[in-house]
Every structure is written in structure tokens, then in C-alpha cells.
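Using this note's numbering, count along the sequence shown one by one with no gaps and you end on 264.
Notes follow once the structure below has been shown.
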Amino acid sequence: MKSLTVVLPFFNESGSVEEVLMEVKTTLPYAEIIAVDDGSTDGTGEKIALVQGVQLISIPKNLGQSAALFAGLQVATGEIIAMMDGDGQNDPADIPLLVSALDYADVAYGVRVVRRDDCKRRLASLLANAIRRKALGDRATDTGCSLKVIRKQHVRFLIPFNGLHRYIPAIFERVGLKFAEIPVRHRPRKTGVSKYTINGRAFRGLIDLLGVRWIMSRMIFWP
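Here is the structure:
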């Protein structure tokens with residue numbers, strides 16, 4: 042069995058961080074767990090440090106979800122790496138399903154069958170996915186789903202920039218990786234509110250899209 046690392050970003054999730062990490066530990070007792078505290082100011086990092094068997098990475102100031110994920114990916118030691126949200130909306134029990142998909146694919150992405158977000162977020166996600174697919178030509182259905190499983194060897198294709206987490210499927214498809222999409226659960230938040238909001242994304246998203254399109258046209262890669 043190949044080794045597995047689970048990477049979770051957290052930002053001001055003190056109300057749920059311990060419960061989320063304990064669920065991951067119980068569900069995947071064989072996995073390396075890396076929790077990245079993205080500059081939290083509510084004691085999230087301190088609570089992570091109290092959970093035995095979890096590796097804490099502390100980012101001094103809030104840099105965003107992409108920075109937190111990239112930091113965790115860099116230190117992950119597992120041959121397979123799973124990414125999931127730290128807010129508890131992803132179910133770690135779905136991770137083995139995505140891992141199994143690597144028997145016939147290079148990477149595997151979760152697709153949220155029933156979204157537990159409000160209508161505004163669902164509409165924004167629908168439009169963003171459609172625009173991204175049109176501009177970049179990728180075929181991923183739900184890039185907003187944080188539940189993704191990749192191989193450690195493919196981390197080298199990723200370039201750190203703010204917004205990276207939304208373009209991981211496009212970048213991997215550009216370098217020729219075969220992907221699988223697996224239906225996964227999406228759970229309501231138990232505590233807190235989303236810290237990575239959609240406010241201000243329209244203009245920033247356009248800039249990101251143009252930048253990613255340029256990056257993808259200039260990428261140098263090898264199998």
C-alpha cells in the first residue's frame with residue numbers, strides 16, 4: 042500500500058479544528074496529516090499543536106488558501122497526497138475512493154453532488170467553472186471542490202501564486218495527466234463562516250485567468 046499524506050489549510054477555525062483533525066485521524070489512521078495554520082488570529086494554531094500525530098505548519102500572516110496548500114504540499118512525504126478543506130465540509134471518508142481512482146488515472150478530483158452552500162456561492166461557482174473551461178480548455182467539472190488526490194511526483198508541476206488551488210486541474214491537464222472525477226459528499230458547516238469569500242473575486246479572477254493562460258502557454262515540463 043502506498044503512503045498517504047492529507048493536507049488541510051486552516052484560517053480562524055478554532056471552533057472546529059480539533060474535531061476535523063480527530064475525524065481525519067480516526068478515518069485515516071495510517072496517513073500523515075499536515076495542518077497548515079494560515080495566519081490565524083483566534084488560537085487555531087495553538088489548538089492544532091495539541092492534537093497528537095498532526096504536523097503543524099504555521100504561516101506568520103494570512104496569505105490565502107493557495108499559499109497554505111502549497112506549503113503543505115512541499116513538505117508532504119506520502120507517495121499520494123490528499124487535499125481537503127479545514128472547515129469540515131469535506132468528508133475524509135471519501136478520500137479512499139479518490140485514492141482508488143489512481144489505479145486508472147494520474148489524479149482524482151471530488152465533485153460535490155449536493156452543494157451545501159448558499160445560492161450566491163453556487164451561482165458564482167457555476168459561472169467561474171464555465172468561464173475557466175472556455176478560456177483554458179480544461180474539462181474539470183468542479184474545481185471549487187477542495188477534495189483532490191494527487192501523486193507526490195506531480196507537485197513539481199505546480200507554481201505558487203495566489204489562486205493556484207482553483208487551477209490545479211487545468212495545470213495538470215496541460216501537462217498531460219489523466220484525471221478521474223469522483224462524486225463526494227459536501228457537508229454543511231457546523232461552526233464559523235467561510236474565510237475565503239467570493240467578494241472581490243470577479244476582477245481578481247479575470248487577472249488570474251489571464252495569468253494562468255499565459256503561464257500554461259509557457260510551461261516547460263517532462264513526463
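For every residue, glycine included, the Cβ atom is placed at its ideal position computed from N, Cα and C.
Item                                                                                                                                                                                   : Value
For methionine 218, which residues of its own chain have a beta-carbon under 7 Å away from its beta-carbon, when the five flanking residues on both sides are left out?                : Residue 218 is actually leucine in this sequence, not methionine. Closer than 7 Å at the Cβ level, and outside the excluded window around leucine 218, lie Asp147, Val148 and His195.
When you compare the CB positions of proline 201 and leucine 110, do they come within less than 7 Å of one another, or not?                                                            : no
Look at the alpha carbon of methionine 124 and the alpha carbon of leucine 251, and state the distance between them as a whole number of angstroms.                                    : 25 Å
Could you pull out every unbroken beta strand (DSSP E) segment of at least 3 residues lying fully inside the region 82-139, listed in chain order?                                     : 95-100 and 121-124
Can you grab the Cα-Cα spacing for the pair threonine 68 / glycine 94, in whole Å?                                                                                                     : 14 Å
What number of angstroms, rounded off, separates the C-alpha of aspartate 249 from the C-alpha of serine 107?                                                                          : 12 Å
Just to confirm the assignment, what range does the alpha helix (DSSP H) spanning alanine 72 have?                                                                                     : No alpha helix (DSSP H) contains alanine 72, which DSSP labels as neither H nor E.
Do you know how far the Cα of serine 81 is from the Cα of isoleucine 98?                                                                                                               : 12 Å
Figure out for me which residue from Gln96, Arg215, Ser187 and Leu188 has the closest Cα to the Cα of leucine 199.                                                                     : Arg215
Label glutamate 60 either buried or exposed according to how many other C-beta atoms from any shown protein chain fall within 10 Å of its C-beta, with 16 as the threshold for buried. : exposed
Contact between the region 132-147 and the region 182-192: three or more CB pairs below 8 Å?                                                                                           : yes
Considering only the beta carbon of each residue, do threonine 46 and glycine 105 sit closer than 7 Å?                                                                                 : no
Taking all protein chains shown into account, do 16 or more other C-beta atoms lie within 10 angstroms of the C-beta of lysine 102, making it buried, or fewer, making it exposed?     : exposed
What is the DSSP secondary structure of isoleucine 256, counted as helix, strand or coil?                                                                                              : helix
With DSSP collapsed to three states, give me the class of threonine 238.                                                                                                               : The pLDDT assigned to threonine 238 is 49, lower than 50, so where the model puts this residue is not dependable; a value taken from the coordinates is nonetheless given after this. Correct three-state label for threonine 238: coil.
Using the three-state DSSP reduction, which class does arginine 192 fall into: helix, strand or coil?                                                                                  : strand
Residues in the same chain with beta-carbon distance under 8 Å from aspartate 135, minus the five sequence neighbours each way, listed in chain order, please.                         : Gly151, Leu188, Ile223, Val225 and Arg226
Please classify isoleucine 200: does DSSP put it in a helix, a strand, or coil?                                                                                                        : coil
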